[in-house]
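Enquirer: Shown below is the structure under consideration.
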Amino acid sequence: MDKYIQCCGINIKKVGFFELFFNKTMIIAYILLAIGLIGWYEIMMLRWAHDFVNTRSIINLINSGGADHIKMAAEAIKDQIFNLHEIEEVNKAEPWGLFVVQYTYLLYGGSALIFLTALAELFHLKIAPKVAAALITFGISMVFGGLVSIATDLANVLHIYWMFLNPQPQSGMWLMLPLYTIYIPFTFIEIYFLITNKRDLARKLALWLVIIGILIDLGEFFIQGLLFNLNTPRHLWTDIPQLWIYFLITGGVTGIGGAAIFGFLGLRNKPYFSDFMKVVANTGIVLAVLVALYELVNFMSVDPKFFDLLLSGSPISWMYWTWIILGIIIPFILYFTKKPGWIFLGGISAVIGAFFMRVSFTFGGNIVPVTNRFGTGYEATSIYRLDSLKPYAYIAPHTMEILIIIGCIGVGIAVYSLLDSLFDVRNINDSVEH
201 MDKYIQCCGI NIKKVGFFEL FFNKTMIIAY ILLAIGLIGW YEIMMLRWAH
251 DFVNTRSIIN LINSGGADHI KMAAEAIKDQ IFNLHEIEEV NKAEPWGLFV
301 VQYTYLLYGG SALIFLTALA ELFHLKIAPK VAAALITFGI SMVFGGLVSI
351 ATDLANVLHI YWMFLNPQPQ SGMWLMLPLY TIYIPFTFIE IYFLITNKRD
401 LARKLALWLV IIGILIDLGE FFIQGLLFNL NTPRHLWTDI PQLWIYFLIT
451 GGVTGIGGAA IFGFLGLRNK PYFSDFMKVV ANTGIVLAVL VALYELVNFM
501 SVDPKFFDLL LSGSPISWMY WTWIILGIII PFILYFTKKP GWIFLGGISA
551 VIGAFFMRVS FTFGGNIVPV TNRFGTGYEA TSIYRLDSLK PYAYIAPHTM
601 EILIIIGCIG VGIAVYSLLD SLFDVRNIND SVEH
């Protein structure tokens with residue numbers, strides 16, 4: 201154990217600066233982050249250094265004095281920052297887009313992987329103690345990537361600042377604040393007890409930690425379902441029955457696909473590698489069946505006119521079919537082989553397909569904005585600029601948004617690499633049994 205420093209019951213690996221910050225994984229993360237920085241720079245320039253904000257006339261108006269002039273200038277600048285037409289924002293003027301897609305993709309995938317790992321621990325799955333720390337760390341890294349995406353979508357720090365100053369518990373967006381102040385710290389507590397050398401204490405608390413972790417995960421998905429259900433103009437979100445369950449099992453497809461890729465690339469030298477990949481494959485098969493059944497339920501529950509748009513004749517129909525083929529059918533077939541190489545390919549297919557599912561889900565909820573405002577059936581709502589978005593309320597993603605979501609993946613990879621380098625989460629529990 202001389203290669204570790206012991207602190208607070210944790211073995212911290214002695215790792216050099218270059219090994220910590222310039223290993224192969226971090227270099228990949230840096231490349232993705234560099235791509236993202238291009239997009240983040242562009243969005244900050246649009247939001248904070250736009251021509252309108254910097255024009256001499258606005259400066260002169262403020263300098264001319266008078267409360268009315270200052271108020272007019274402040275309102276103009278506020279409108280410029282929060283309601284730019286060139287980029288996606290969370291407001292009633294533009295549909296939600298790729299930032300929300302990435303948020304739901306990475307965060308739900310990571311949360312579902314943490315949930316499934318906790319279930320494996322609860323039912324004493326043989327392989328669970330050896331991989332739980334690594335998988336939960338991988339899951340929380342995905343969560344951080346998703347949070348960076350939604351933080352970008354909140355436009356700027358002023359939005360977050362005002363959310364703290366003006367608490368609105370009835371708001372789904374505001375509910376995320378207390379949610380993550382509980383969820384993220386508790387996940388790190390789980391990781392701590394998985395890697396601590398205080399094994400007797402960890403065993404005494406293990407069952408309670410697992411149960412509480414599962415309940416918090418379920419609560420997180422329930423609140424996410426509530427958040428999206430509050431957005432009544434987005435048709436699909438309000439029609440899917442028990443939306444939080446749909447989020448959980450589709451997030452599981454992403455999480456297990458990621459676990460297949462992670463296992464193939466990061467655990468190939470482990471004696472339990474083959475067993476781990478088989479468990480991933482079996483879980484992936486079950487999730488594929490559950491998701492397929494849930495999609496059938498959606499067909500029977502959601503307005504038929506809406507699903508016609510998903511299936512054909514709209515800008516997002518090809519995305520939905522990509523989800524069905526790459527996210528469900530191909531992984532289901534490849535997982536059945538139980539061969540690590542094919543499981544790995546099935547995982548790649550699943551994570552690609554699941555991303556397009558999030559795209560079709562998010563954009564699909566906007567494509568024909570309708571709401572059952574009076575309980576007499578769905579009708580078009582005027583909160584979007586439908587006159588300029590005919591025949592569908594669809595805004596194709598800006599290149600800047602694509603660059604930023606690539607950067608968010610880099611955030612997740614960097615977080616995992618740093619935690620793995622410092623706490624050796626892939627190796628530290630190789631000899632641990634239930």
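So the sequence shown is numbered by the numbering used here: it starts at 201 and just counts up by one. All residues carry an ideal CB built from backbone N, CA and C; glycine is no exception. What you are looking at is a predicted structure, and each value in this text was computed from that prediction instead of being measured.
#1: Using DSSP's beta-bridge definition, name the partner residues of GLN206.
#2: If we ignore side chains and look at the alpha-carbon of each, how far apart do ALA332 and LEU405 end up?
#3: Using a 10 Å radius around the Cβ and a threshold of 16 neighbouring Cβ atoms, would you call SER514 buried or exposed?
#4: Here's the rule I'm using: 16 or more other beta-carbon atoms within 10 Å means buried, otherwise exposed. How should PRO531 be labelled?
#5: Quick check: is any heavy atom of the ligand FMN less than 7 Å from the C-beta of LEU401?
#6: Kindly list the residues whose CB is nearer than 8 Å to the CB of ASN223, restricted to its own chain and excluding five residues on each side of it in sequence; keep chain order.
#7: Between the alpha carbons of LYS538 and LYS478, how many angstroms are there, rounded?
#8: Can you have a look at CYS207 and say buried or exposed, based on whether 16 or more other CB atoms are within 10 angstroms of its CB?
#9: Does DSSP put PRO597 in a helix, in a strand, or in coil?
#10: From ILE340, LYS326, PHE323, GLU321, pick the residue whose C-alpha is nearest to that of TYR308; which is it?
#11: Just the Cα atoms here: how many angstroms apart are ILE552 and TRP523?
#12: Is the separation between the beta-carbon of ILE605 and that of LEU298 shorter than 8 Å?
#13: Does DSSP put GLY480 in a helix, in a strand, or in coil?
#14: Can you tell which of VAL453, TYR472, ASP475 has the C-alpha that lies nearest to the C-alpha of ALA492?
#15: Using the C-alpha atoms, what's the distance from GLY451 back to SER311?
#16: Please say whether GLY457 and ALA554 have beta carbons closer to each other than 8 Å?
#17: Would PRO329 be called buried (16 or more neighbouring beta carbons within 10 Å of its own) or exposed?
#18: Do the stretch 408–428 and the stretch 376–390 make contact, defined as three or more Cβ pairs closer than 8 Å?
#19: According to DSSP, is GLY297 part of a helix, a strand, or is it coil?
#20: Please report the residue range of the alpha helix (DSSP H) in which SER517 lies.
#21: In terms of alpha-carbon separation, which member of ALA402, ILE423, ILE210 lies closest to TYR383?
#22: Note down the Cα distance separating ILE654 from SER512, rounded to an integer number of angstroms.
#23: So, GLY612 versus PHE344, is the Cβ gap smaller than 8 Å?
#24: So, with DSSP's three-state summary, where would you put LEU325?
#25: Looking at the structure shown, is LYS404 part of a helix, part of a strand, or coil, going by DSSP?
#26: Going along the chain, which residues of its own chain have a beta-carbon closer than 7 Å to the beta-carbon of ILE228, five neighbours each way excluded?
#27: By a C-beta neighbour count over all protein chains shown, 10 Å radius and 16 as the cutoff for buried, is GLY216 buried or exposed?
#28: For TRP444, does the count of other Cβ atoms within 10 angstroms reach 16, so buried, or fall short, so exposed?
#29: Of the choices ALA318, SER517, LEU448, MET244, whose alpha-carbon is the least far from that of GLU390?
#30: Counting only the same chain and skipping the five closest in sequence on each side, list residues whose C-beta sits under 8 Å from that of ILE212.
#31: Roughly how many angstroms lie between the CA atoms of GLY607 and ILE327, to the nearest whole one?
#32: With the cut-off set at 8 Å, would you say LEU510 and SER560 are in Cβ contact?
#33: Is LEU409 helix, strand or coil by DSSP?
#34: Going by the beta-carbon positions, is the gap between GLY527 and MET557 smaller than 8 Å?
#35: Are the beta-carbon atoms belonging to TYR303 and SER349 less than 8 Å from one another?
#36: Take THR396 and list the residues in its own chain whose beta-carbon comes closer than 7 Å to its own, dropping the five residues that flank it on each side.
Expert: Taking the coordinates as given:
#1: Taking the sequence shown and counting its residues from 1, one reaches residue 206 at position 6. Answer by DSSP bridge pairing, in chain order: ASN211.
#2: As a first step, residue 332 is located in the sequence shown; it is residue number 132 there, counting from the start. As a first step, residue 405 is located in the sequence shown; it is residue number 205 there, counting from the start. Each residue's Cα considered, the two are about 15 Å apart.
#3: For the purposes of this step, residue 514 is taken as residue 314 along the sequence shown, with counting starting at 1. Looking at its Cβ environment, which holds 16 or more other Cβ atoms inside 10 Å, SER514 is buried.
#4: As a working note, residue 531 is residue 331 in the sequence shown. With 16 or more other CB atoms across the displayed protein chains lying within 10 angstroms of its CB, PRO531 is buried.
#5: Looking at this structure, you won't find the ligand FMN or any other ligand, since it has none at all.
#6: Here residue 223 is taken as the residue at index 23 of the sequence shown, counted from 1. Within the same chain, SER617, SER621 come within 8 Å of ASN223 by CB-CB distance, once the 5 residues on both sides are set aside.
#7: In the sequence shown, residue 538 corresponds to position 338, counting from 1. In the sequence shown, residue 478 corresponds to position 278, counting from 1. Those two C-alpha atoms are separated by around 6 Å.
#8: Sequence index remark: in the sequence shown, residue 207 carries index 7 (1-based). Exposed.
#9: Here residue 597 corresponds to residue number 397 of the sequence shown, with the count starting at 1. PRO597: coil per DSSP, three-state reduction.
#10: For the purposes of this step, residue 308 is identified with residue 108 of the sequence shown, where counting begins at 1. Residue ILE340 is the option with its Cα nearest to TYR308.
#11: Here the question's residue 552 lines up with position 352 in the sequence shown. Here the question's residue 523 lines up with position 323 in the sequence shown. One Cα belongs to ILE552, the other to TRP523, and the distance between them is close to 8 Å.
#12: As a working note, residue 605 is residue 405 in the sequence shown. As a working note, residue 298 is residue 98 in the sequence shown. Against a cut-off of 8 Å, the Cβ pair of LEU298 and ILE605 comes out as a contact.
#13: To locate residue 480, count along the sequence shown from 1; it is residue 280. According to the sequence displayed, residue 480 carries Val and not Gly. Collapsing the DSSP output to three states places VAL480 in a helix.
#14: As a position in the sequence shown, residue 492 is number 292, starting the count at 1. Considering only VAL453, TYR472, ASP475, the residue with the shortest C-alpha distance to ALA492 is VAL453.
#15: As a first step, residue 311 must be located in the sequence shown, where it is residue number 111. As a first step, residue 451 must be located in the sequence shown, where it is residue number 251. Going from the Cα of SER311 to the Cα of GLY451 covers about 7 Å.
#16: In the sequence shown, the residue the question calls residue 554 occupies position 354. In the sequence shown, the residue the question calls residue 457 occupies position 257. The answer is yes: Cβ separation under 8 Å.
#17: Start at 1 with the first residue of the sequence shown, and residue 329 comes out as number 129. Answer is buried; the Cβ neighbour count reaches 16.
#18: They touch, by the three-pair rule.
#19: Taking the sequence shown and counting its residues from 1, the one referred to as residue 297 is at position 97. When secondary structure is reduced to three states using DSSP, GLY297 falls in the coil class, being assigned neither helix nor strand.
#20: As a first step, residue 517 is located in the sequence shown; it is residue number 317 there, counting from the start. Per DSSP, SER517 belongs to the alpha helix (DSSP H) from 517–522.
#21: Within the sequence shown, the letter at position 183 stands for residue 383. Minimum Cα distance to TYR383 is reached at ILE423.
#22: A question about residue 654 goes unanswered here, because the residues of the chain that appear run from 201 up to 634.
#23: As a position in the sequence shown, residue 612 is number 412, starting the count at 1. As a position in the sequence shown, residue 344 is number 144, starting the count at 1. In contact: GLY612 and PHE344 (Cβ atoms closer than 8 Å).
#24: Numbered from 1 along the sequence shown, position 125 holds the residue referred to as residue 325. Three-state result, LEU325: coil.
#25: Residue 404 sits at position 204 when you count from the first residue of the sequence shown. It is helical.
#26: Position 28 of the sequence shown, counted from the first residue, corresponds to residue 228. The beta carbon of ILE228 sits closer than 7 Å to the beta carbons of ILE613 from its chain, once the five residues preceding and following it are set aside; these are given in chain order.
#27: Stepping through the sequence shown from its first residue, residue 216 is reached at position 16. Exposed, by the Cβ-count rule.
#28: For the purposes of this step, residue 444 is identified with residue 244 of the sequence shown, where counting begins at 1. Within 10 angstroms of the beta-carbon of TRP444 lie 16 or more other beta-carbons, which makes it buried.
#29: Here residue 390 corresponds to residue number 190 of the sequence shown, with the count starting at 1. If we check each option's Cα against that of GLU390, ALA318 comes out closest.
#30: As a working mapping, residue 212 is identified with position 12 in the sequence shown. If we look at ILE212 and ignore the five residues flanking it on each side, its Cβ neighbours are TYR204, ILE205, GLN206, LEU622, PHE623.
#31: One-based indexing of the sequence shown puts residue 607 at position 407. One-based indexing of the sequence shown puts residue 327 at position 127. Our two residues, GLY607 and ILE327, have alpha carbons roughly 33 Å apart in a direct line.
#32: Translated into the one-based positions of the sequence shown, residue 510 becomes position 310. Translated into the one-based positions of the sequence shown, residue 560 becomes position 360. For LEU510 and SER560, yes; Cβs fall inside 8 Å.
#33: In the sequence shown, residue 409 corresponds to position 209, counting from 1. Three-state result, LEU409: helix.
#34: Start at 1 with the first residue of the sequence shown, and residue 527 comes out as number 327. Start at 1 with the first residue of the sequence shown, and residue 557 comes out as number 357. The Cβ-Cβ distance between GLY527 and MET557 falls below 8 Å.
#35: Counted from its first residue, the sequence shown places residue 303 at position 103. Counted from its first residue, the sequence shown places residue 349 at position 149. Yes, the Cβ-Cβ distance between TYR303 and SER349 is below 8 Å.
#36: Start at 1 with the first residue of the sequence shown, and residue 396 comes out as number 196. Closer than 7 Å at the Cβ level, and outside the excluded window around THR396, lie GLY209, ILE210, ALA402.
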